[in-house]
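In our numbering, the protein residues as written are 41 to 279.
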């Protein structure tokens, strides 16, 4: 009696780390084959006599040849073979932006042809986050040639400085000295005022506003000082 080796496979391609199922369908001239032997070429050989199915996992990309030999009464069949392709996983990378509290960020992913994100972000390579007030992480899954890889973007949220400023009241023709305060480490002013927390204005004759910008690290905030000008009294006297 002779045996005829044959088998089916669940797919002809698989991604690294995936598995395929090979099912023995061998026949014999009388009854069933006494035993079978599986061999996976191109990777670590795996044999299992008389197994109906084998489900190997493939951890290295490349082309593999799967071979099955059936035996009947000591006679070996001609080997049945099939080739499968194990595809590499894409190497996905992503930026991790730093922003100021209350701003949006735009992490940028690369290394794949399509992307999905956690956190409800759009399925593009460079989605825009909602306005954030705390440091937040997003996981992006990139797909290429049917295989996926992941990367994590950490959006660092830096504090926006607090800032307040006084609004002096002066008489016409006098100078004023608005004073800024808060968590800022440096200050700049409109109107050509000196970049200190308490600059001196020129002599003013009309009510004037100045905007102060406070900076902490890379983040800024603003406040407005209104210098109110009171007119000088007109004094007359008889002689």
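Glycine included, each C-beta is placed from N, C-alpha and C at the ideal position.
**Message:** With H, G and I counted as helix, E and B as strand and the rest as coil, what does DSSP make of residue 205?
**Reply:** strand
**Item:** Within 8 Å, strictly: CB atoms of residue 184 and residue 220
**Value:** no
**Item:** Rounded separation between residue 43 and residue 80 - CA only
**Value:** In a straight line, the C-alpha of residue 43 is about 20 Å away from that of residue 80.
**Prompt:** What number of angstroms, rounded off, separates the C-alpha of residue 264 from the C-alpha of residue 172?
**Reply:** 25 Å
**8 Å contact criterion, which residue 136 and residue 193 should meet: CB distance rounded** = 5 Å
**Item:** Check whether residue 168 and residue 144 have beta carbons under 8 Å apart
**Value:** yes
**Asked** If you draw a straight line from the alpha carbon of residue 76 to that of residue 147, how long is it in whole angstroms?
**Response** 53 Å
**Message:** DSSP three-state label for residue 213, please.
**Reply:** coil
**Prompt:** Which ranges would you report for the beta strand (DSSP E) in the segment 83-152 if only whole runs of at least 3 residues count?
**Reply:** DSSP runs (the beta strand (DSSP E)) wholly in the segment 83-152: 102-112, 120-127, 138-140.
**Prompt:** Taking the DSSP output, what are the residues bridged to residue 184?
**Reply:** 187
**Asked** Starting from residue 49 and walking both ways along the beta strand (DSSP E), at which residues does that stretch end?
**Response** Segment 47-49, the beta strand (DSSP E) holding residue 49.
**Closest residue to residue 68 among 101, 78, 239, 109 (Cα-Cα distance)** = 109
**Message:** Applying the 10 Å Cβ sphere with the 16-neighbour rule, what's the burial state of residue 261?
**Reply:** buried
**Prompt:** Taking DSSP as the reference, what is the three-state secondary structure of residue 254?
**Reply:** strand
**Asked** Under the rule that 16 or more other beta-carbon atoms within 10 Å means buried, what is residue 199, buried or exposed?
**Response** exposed
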